[in-house]
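All remarks here apply to the structure that follows.
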Amino acid sequence: MTVIACDEGEFEAFACEQYAPLRGWLTAKGACRFDAEDVAQVALTKVWLRWPKVEYRRAYLYCVASNELGKLWRARARVRARDTGYSGIGPLTREETVGGIPARLQAEMVRRDLLALPGRQRAVLAGCCDHYQDTELAAALRMPMATVRSHRRHARVSLREFAAMLGQDPGGRMLRRAYEEMRCGDPSPPGSRPVISQSWTRSATRLPNPEHGPAVAPLSSQELALRRLTSPLAGIGPDACARQADTTGRLMVITDPDGRVLWRAGDRQDLRRGDHDGHGDGACLAEHAVGTSGVSLALAAGHPVVVCGPEHYSPAQHDLVCAGAPIHHPADGRLVGAVCISAPWPAAHPDMLKLIDETARRIRRRIPNPTSADGALEGGGGVNRRVEID
Numbered sequence: 026m027t028v029i030a031c032d033e034g035e036f037e038a039f040a041c042e043q044y045a046p047l048r049g050w051l052t053a054k055g056a057c058r059f060d061a062e063d064v065a066q067v068a069l070t071k072v073w074l075r076w077p078k079v080e081y082r083r084a085y086l087y088c089v090a091s092n093e094l095g096k097l098w099r100a101r102a103r104v105r106a107r108d109t110g111y112s113g114i115g116p117l118t119r120e121e122t123v124g125g126i127p128a129r130l131q132a133e134m135v136r137r138d139l140l141a142l143p144g145r146q147r148a149v150l151a152g153c154c155d156h157y158q159d160t161e162l163a164a165a166l167r168m169p170m171a172t173v174r175s176h177r178r179h180a181r182v183s184l185r186e187f188a189a190m191l192g193q194d195p196g197g198r199m200l201r202r203a204y205e206e207m208r209c210g211d212p213s214p215p216g217s218r219p220v221i222s223q224s225w226t227r228s229a230t231r232l233p234n235p236e237h238g239p240a241v242a243p244l245s246s247q248e249l250a251l252r253r254l255t256s257p258l259a260g261i262g263p264d265a266c267a268r269q270a271d272t273t274g275r276l277m278v279i280t281d282p283d284g285r286v287l288w289r290a291g292d293r294q295d296l297r298r299g300d301h302d303g304h305g306d307g308a309c310l311a312e313h314a315v316g317t318s319g320v321s322l323a324l325a326a327g328h329p330v331v332v333c334g335p336e337h338y339s340p341a342q343h344d345l346v347c348a349g350a351p352i353h354h355p356a357d358g359r360l361v362g363a364v365c366i367s368a369p370w371p372a373a374h375p376d377m378l379k380l381i382d383e384t385a386r387r388i389r390r391r392i393p394n395p396t397s398a399d400g401a402l403e404g405g406g407g408v409n410r411r412v413e414i415d
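Each residue of the sequence shown is one higher than the one before, counting from 26 in my numbering.
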C-alpha cells in the first residue's frame, strides 16, 4: 500500500477557510444548522482522504457536500415512508425536526440520554448546548477542532437514534424488529443503539437461548450474608434502596461488582415478579448470566444506561424499562456495585437516567473513605461496621 504524503497544515488552513461558507451554503439549500455542520464535516473528511489527488478542491468539496446532503435526505425519507407513508424527499419542517431530532422531544431526550454518551462526546455536546465555539471547546478540552466536530457529529447520531427509538416509536415496533433481527443473526440490526447491539453480541456468546432463566445459580443465604457484610455498601445499601423505592414507588436493586443482588426494595408485586424471573436476593444479574439488562449493561459499560423493553436480552423483561448506574469507590475509583430502578414501559419517566445517576452519586458520597480518620478501620472489608443481615 502506497502512502501519499500531504501537507496537513495546508489542509487545516483550507478547512478553516471553507467550513463556515460551506455550512452557510448547505443551510441555504434547506439543511438545518445541525445537519449542515455534520454534512460539512463529512465532506471535509472526504476531501482530506483525496487531498493530494484533487485539483479543484473547493469545487470537489461542494460537490461532495451536495451529494452527502442528498443521501441524508433520501435516508430520512425512507424512514418516514416506512413509518408514516409519506414519500417526499427534502428537509423536514422546523416544527418536525431540529438537527434530525423531533423538536418536541429535544428537551426530554437531552435530559434523559446525555449521560449515556461517552465522556468526550458528552463534554463536547454540553459545550455546544452552552453556546461555546469550536475554538473554545478545542482549547478547553485539549483536542483538535476536527476532533471536537467529530465527537459532536457522533453524539448527534446517537441522540437521533434515541429519539427515533423512544419518541417516534413509543409502541416499540422498531425495537422489537431490531430484537427479532438480532435473534436471526444480525449483530447490529437497524434501530439498535451501538451500546445495546454490542451487549447483545456479548450475551449471545454466553446465552444462545435468551428465553432460559439466569445461567448462574443464586447465592446461598450464608454466602449472601457474607457478601453483604464485606461490601463497601454495607450499612448504606438497605437504606438507599428503601428510601428510593418509597420516593419513586418502583423496584430498586443494588448489586455487588459481580452483579449479585445484595439488596432490593419495592412493593410486594414487584418483589414477587423479581423472584419469579430469577432476580431475587443473591441472584446474578451480570451479562454472562442474564444478558442485556439495566444492571448488566451498567456494569459492562461503566456509565449510566437505560434499557428499554425489547432491548433486554431476555423476552421476560420486554415490558420493562430499567435504568442502571455503576457505583465507584470515592477513594480509588474501583467498581463496588451497581444500582438499578425498574418500571413498566408505559409508566417509565423521561428522567429515569438522571434519577439513577444521582442515586449512584449519593451512595458514592456516603461510602466511608479509608484514607480519612473516621474511615481508617473501614478498608479491611467491613470490620467494625454495624450491619444488619437479613
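For each residue, glycine too, the CB sits at the ideal point set by N, CA and C.
Item                                                                                                     : Value
Backbone CA spacing between H301 and R178 [nearest angstrom]                                             : 43 Å
Continuous alpha helix (DSSP H) assignments of at least 4 residues falling wholly in the stretch 318-398 : 319-326, 377-391
Cutoff 6 Å; reference V173; Cβ partners in own chain excluding five residues on either side              : V149, D159, L162, A163
Proximity of V72 and E93 at Cβ, strictly below 8 Å                                                       : no
Supposed close pair I381, T317 - CB separation, criterion 8 Å                                            : About 16 Å; that fails the 8 Å criterion.
Alpha-carbon spacing of G262 relative to H304, whole angstroms                                           : 17 Å
In DSSP terms, what V278 is bridged to                                                                   : R289, C365
Run of the alpha helix (DSSP H) containing F225, from where it starts to where it stops                  : Strictly speaking, residue 225 in this sequence is Trp, with Phe absent from that position. Run containing W225: 219-231, per the alpha helix (DSSP H) assignment.
Touching by the beta-carbon criterion (3+ pairs, under 8 Å), the stretch 216-231 and the stretch 351-369 : no
Integer-rounded CB distance, given that A259 should sit under 8 Å from A290                              : Not a contact, Cβ separation roughly 16 Å.
Touch test, the stretch 346-355 against the stretch 324-337, Cβ-Cβ under 8 Å, three pairs minimum        : yes
Simplified DSSP state of C309, which is helix, strand or coil                                            : strand
Neighbour-count burial assignment, E205, 16 or more Cβ in a 10 Å radius                                  : exposed
Which of helix, strand or coil DSSP assigns to D302                                                      : coil
Residue burial classification, P214 (beta-carbon count within 10 angstroms, cutoff 16)                   : buried
Distance, D376 Cα to E248 Cα                                                                             : 35 Å
Beta-carbon proximity list for D306, same chain, < 7 Å, skipping 5 on both sides                         : L249, V286, R289
Cα-Cα separation between E120 and P212, rounded to whole angstroms                                       : Residue confidence for E120 is low, a pLDDT of 38 falling below 50, so the modelled location carries little weight; the figure read from the coordinates is stated next. If you take the alpha carbons of E120 and P212, they lie about 35 Å apart.
Beta-carbon proximity check, G284 vs L324, cutoff 8 Å                                                    : yes
Inter-residue Cα distance where the pair is R252 and A311                                                : 16 Å
L200 beta carbon less than 8 Å from that of G216                                                         : yes
Exposure label - L74; buried when at least 16 CB within 10 Å                                             : exposed
Alpha-carbon spacing of R410 relative to T255, whole angstroms                                           : Confidence at R410 is low in this model, with a pLDDT of 41, below 50, so the placement of that residue is unreliable and no value is reported for it.
Where D63 falls, given that 16 or more other Cβ within 10 Å makes a residue buried                       : buried
Exposed unless 16 or more other CB atoms sit within 10 angstroms - verdict on S246                       : exposed
Length of the line joining the Cα atoms of A30 and A90                                                   : Its pLDDT being 48, under 50, A30 is placed unreliably in this model, and the value from its coordinates should be taken loosely. Approximately 24 Å between the Cα atoms of the pair.
C-alpha distance - Q342 paired with D281, whole-angstrom precision                                       : 21 Å
Residue nearest to R167 in terms of C-alpha spacing, selected from V182, A151, S183, R145                : R145
Under the three-state DSSP convention, the category M168 falls into                                      : coil
Exposure of S367, with buried meaning 16 or more beta-carbon neighbours within 10 Å                      : buried
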